[in-house]
Amino acid sequence: MSQRLPRASFHQLSYRRLARTIPSGRATFSQAHGTEFSFADIPTEKKTPQTLTEKIVQRHAVGLPEGKFVRSGDYVQIEPYRCMSHDNTWPIAKKFMSMGATRVKDPSQMVFALDHDVQNKTESNLKKYEQIEAFAKKHGIVFFPAGYAIGHQVMIEELFVWPERWLRYKATEAAMHENRTTRERITHEKIDELYANPVNADPGAHYAKQLYLNLSTLSPYISGPNSVKISTPLSELAPQKIKVNKAYIVSCTNARASDLAAAAKVFQDAAKANGGKTPKVSDGVQMYVAAASVREQEIAEDQGNWQTLLEAGAIPLPASCGPCIGLGTGLLEPGEVGISASNRNFKGRMGSRDALAYLASPEVVAASALNGVISGTGEYEVAENYSGVEYGYGTGRPATTESELSNALEQLESLIDRVESSVGGEDTAKTTTQILPGFPEKITGEIVFCDADNLDTDNIYPGKYTYQDDITKEGMAQVCMSNYDPDFGSVAKPNDILVSGFNFGCGSSREQAATAILAKQIPLVVAGSFGNIFSRNSINNALLGLEVPRLIERLRATFTRSDKTPTRRTGWTLTWDVARSTVEVQEGENGDRWEEKVGEFAANLQDIVAKGGLTEWTKHEIEKSDS
Numbered sequence: 000m001s002q003r004l005p006r007a008s009f010h011q012l013s014y015r016r017l018a019r020t021i022p023s024g025r026a027t028f029s030q031a032h033g034t035e036f037s038f039a040d041i042p043t044e045k046k047t048p049q050t051l052t053e054k055i056v057q058r059h060a061v062g063l064p065e066g067k068f069v070r071s072g073d074y075v076q077i078e079p080y081r082c083m084s085h086d087n088t089w090p091i092a093k094k095f096m097s098m099g100a101t102r103v104k105d106p107s108q109m110v111f112a113l114d115h116d117v118q119n120k121t122e123s124n125l126k127k128y129e130q131i132e133a134f135a136k137k138h139g140i141v142f143f144p145a146g147y148a149i150g151h152q153v154m155i156e157e158l159f160v161w162p163e164r165w166l167r168y169k170a171t172e173a174a175m176h177e178n179r180t181t182r183e184r185i186t187h188e189k190i191d192e193l194y195a196n197p198v199n200a201d202p203g204a205h206y207a208k209q210l211y212l213n214l215s216t217l218s219p220y221i222s223g224p225n226s227v228k229i230s231t232p233l234s235e236l237a238p239q240k241i242k243v244n245k246a247y248i249v250s251c252t253n254a255r256a257s258d259l260a261a262a263a264k265v266f267q268d269a270a271k272a273n274g275g276k277t278p279k280v281s282d283g284v285q286m287y288v289a290a291a292s293v294r295e296q297e298i299a300e301d302q303g304n305w306q307t308l309l310e311a312g313a314i315p316l317p318a319s320c321g322p323c324i325g326l327g328t329g330l331l332e333p334g335e336v337g338i339s340a341s342n343r344n345f346k347g348r349m350g351s352r353d354a355l356a357y358l359a360s361p362e363v364v365a366a367s368a369l370n371g372v373i374s375g376t377g378e379y380e381v382a383e384n385y386s387g388v389e390y391g392y393g394t395g396r397p398a399t400t401e402s403e404l405s406n407a408l409e410q411l412e413s414l415i416d417r418v419e420s421s422v423g424g425e426d427t428a429k430t431t432t433q434i435l436p437g438f439p440e441k442i443t444g445e446i447v448f449c450d451a452d453n454l455d456t457d458n459i460y461p462g463k464y465t466y467q468d469d470i471t472k473e474g475m476a477q478v479c480m481s482n483y484d485p486d487f488g489s490v491a492k493p494n495d496i497l498v499s500g501f502n503f504g505c506g507s508s509r510e511q512a513a514t515a516i517l518a519k520q521i522p523l524v525v526a527g528s529f530g531n532i533f534s535r536n537s538i539n540n541a542l543l544g545l546e547v548p549r550l551i552e553r554l555r556a557t558f559t560r561s562d563k564t565p566t567r568r569t570g571w572t573l574t575w576d577v578a579r580s581t582v583e584v585q586e587g588e589n590g591d592r593w594e595e596k597v598g599e600f601a602a603n604l605q606d607i608v609a610k611g612g613l614t615e616w617t618k619h620e621i622e623k624s625d626s
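Quick note: the sequence shown uses numbering that gives the first Met the number 0, first residue 0, plus one each step.
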């Protein structure tokens, strides 16, 4: 039956059900409603049902073996339908040229949109923008100038996005696009094709989890401060009357015309009780507004909502990222509290690391600016019998014999898969990984422990430095981890091994999070787990990473969190034996010594790292093909 979860907990072991051939013979299951079922008559051959995501990936995957069906967890090579790049395009272009590349393979694939540092009118930034535009013109790439729109909005608004296609934002290759207008990008033929051949999930497609959420039990939530992982109902936060200094109705997430209308309505409703005069934001509050695009701003102007916000005292900004990425006017100062309709609020991202940043909907941001404290509009009063948001595992519907059997089969197949994958041949323990020339056989260093989960890329490399293309390696080393711990630079030493908690490197995709650690001369990061984008960026830039959850548990058992030392020299050493796929940990001079098996570091990844990263590897491949 469906299981109701505690409100504060939302975690479950992830089961993956695989399509497979069930062996013939008899097996029985008699725990669902006391009924006995036989597997003997189940067909031995099964098709491979796919989820919608798996089908889209299948459509864009290249180099798959014949008959291969993409499943969740597979590593595949993707040829995206579109890629979008923004202010980081010039460093990408320089890499493109440094590899010896002279032309773009598919100019119909890519889009450039300048949107991050558009308020920066310095000569160097304007020159960079000119170089990006010239590169786009040379290679036939569509180009959207600064102030036109946020890149993510461009992809929707200009119809570069198309259903059932795979997109890649923050592209790591040069990006291109065909020279056609929006009207030409969508045709009756394309619409007819979409309706004639819709892509849907197959019946029987397998999912890691099935969750339900009762939407009628939702009310406004606030994320923060300084973390998207902290979420509190507005009804609990509002009574605290948290003073607000700055309010932001900005970003690709919540600055479309409909979002601006929701924010304006707060002031329009208040005007009805104010003799028809639009009230001003509270004294001491600065409210900033930036539309997701010029087009969305024009719609808001036509509807009168833009004028309402300006009459209320909003400070207009160009259609761009601005405060969300920590660039331009209106950043948070030390000690200030901000509430934003954007989608990220990592410490230091929107200004000072000594400020507090909360995230909320446009109407809650507007109401907070009007009242001077975090608050709502009063439309979501909590009923006396309200018991919280209703959610859990399953469908939320009463269990049936069929659903119980399906759940049992799913867990049974997952168990079979895990057993099969964990049982090797007789020589498994004796096998070793072949080490390619230029790749180290062993890496040894002292452990520097940063005891934090969800340590994001803004913590690792502050966003305000991301678009400083002229920053030196020494400069990157100095600011590495500074948003997490300003003293990190003086504690960590060359050749240390950086160890942190779970989900290390989450947040924005920026390769500088990897290259800054390398600039600090740290060759290896060990964590309980990594954000997937950080893992890929690390390999691309020749930074090594290992997941060793046991090490995190041992460190936390030894160095308790009550001692709030953000960066700690442990006196422990770690040795990664790449050939044997093991790590050996010495817990201090007289402490325990233990080994742990880790994943094999594949030859193709060794090759990229040994050559100094993906850029040098690609350059080498181009030279090979030309010789």
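Don't be surprised by glycine CBs; every beta carbon is placed ideally from N, CA and C.
Quick check on the DSSP output: the alpha helix (DSSP H) that includes residue i runs from which residue to which?
i: ALA365; result: 361-370
i: ILE149; result: Note, ILE149: premise wrong, no alpha helix (DSSP H); not H, not E.
i: PHE533; result: 531-539
i: TYR379; result: TYR379 -> no alpha helix (DSSP H), and no H or E assigned at all.
i: GLY444; result: Run containing GLY444: none in the alpha helix (DSSP H); it sits in the beta strand (DSSP E), 441-449.
Tell me which residue opens and which closes the beta strand (DSSP E) that residue i is part of.
i: THR357; result: Note that residue 357 is Tyr in the sequence shown here, rather than Thr. Where TYR357 is concerned, the enclosing beta strand (DSSP E) stretches over 355-358.
i: ALA254; result: Neither: ALA254 is in no beta strand (DSSP E) and is coded neither H nor E.
i: THR572; result: 566-576
i: LEU212; result: 210-212
i: GLN285; result: 285-288
i: SER234; result: Run containing SER234: none in the beta strand (DSSP E); it sits in the alpha helix (DSSP H), 233-236.
i: MET83; result: 81-84
i: ALA526; result: 523-526
Please classify residue i as buried or exposed, where buried requires at least 16 neighbouring CB atoms within 10 angstroms.
i: TRP593; result: exposed
i: ASP562; result: exposed
i: GLU44; result: Residue confidence for GLU44 is low, a pLDDT of 46 falling below 50, so the modelled location carries little weight and cannot support an answer.
i: LEU523; result: buried
i: GLU588; result: exposed
i: PRO42; result: Its pLDDT being 45, under 50, PRO42 is placed unreliably in this model, and the value from its coordinates should be taken loosely. Under this definition PRO42 is an exposed residue.
i: GLU192; result: exposed
i: LYS189; result: exposed
i: LEU308; result: buried
i: GLN108; result: buried
i: SER481; result: buried
i: LEU497; result: buried
i: SER84; result: buried
i: PRO197; result: exposed
i: LEU125; result: exposed
i: VAL61; result: exposed
For residue i, which beta-bridge partners are listed by DSSP?
i: LYS346; result: In DSSP, LYS346 forms no bridge with anything.
i: GLN267; result: According to DSSP, GLN267 bridges with nothing at all.
i: SER281; result: Answer is none; SER281 lacks a bridge partner.
i: LEU51; result: BP columns for LEU51 are empty, so no partner.
Please return the same chain residues whose Cβ sits closer than 7 Å to the Cβ of residue i, not counting the five positions on each side in sequence.
i: ILE229; result: SER222 and GLY223
i: THR465; result: ARG509 and GLN511
i: PRO278; result: PHE266, ALA269, ALA270, ALA311 and LEU369
i: LYS441; result: THR574, TRP575, ASP576 and VAL577
i: PRO232; result: SER218 and TYR220
i: VAL117; result: ALA145, GLY146, PRO317 and SER319
Closest by CA to residue i, which one among the options?
i: ALA262; options: VAL363, ASN273 and PRO232; result: VAL363
i: ASP606; options: GLY504, GLU595, PHE529 and LEU435; result: LEU435
i: GLN209; options: TYR390, ALA340, LEU497 and GLU332; result: TYR390
i: ALA340; options: TYR220, ALA204, THR559 and ALA515; result: TYR220
i: ILE324; options: VAL249, THR572, LEU355 and ALA365; result: VAL249
i: SER386; options: PHE558, GLY303 and ASN213; result: ASN213
i: ASN344; options: ALA291, THR456 and GLY444; result: THR456
i: GLN306; options: ALA260, ARG553 and ALA145; result: ALA260
i: GLY500; options: ALA382, PRO238, THR328 and LEU545; result: LEU545
i: PRO322; options: ARG567, ALA299, MET286 and THR88; result: MET286
Leaving out the 5 sequence neighbours to the left and right, which residues in its chain are closer than 8 Å to residue i when beta-carbon positions are compared?
i: LYS618; result: SER97, MET98 and GLY99
i: ARG294; result: ALA148 and GLU156
i: SER534; result: GLY504 and GLY544
Apart from the five residues just before and just after residue i, which ones in its own chain have a Cβ nearer than 6 Å to its Cβ?
i: ALA541; result: VAL608, GLY611 and GLY612
i: THR171; result: Here THR171 scores only 30 on pLDDT, less than 50, and its place in the model is too uncertain to base an answer on.
i: GLN152; result: CYS251, ALA291 and SER292
i: ASN494; result: GLY444
i: PRO565; result: ASP484
i: ALA112; result: HIS85, PHE143, GLY150 and VAL153
Give a yes or no on whether the minimum CB-CB distance between residue i and chain D is below 8 Å.
i: GLU122; result: Judged by its chain identifiers, the structure shown contains no chain D, having just a single protein chain.
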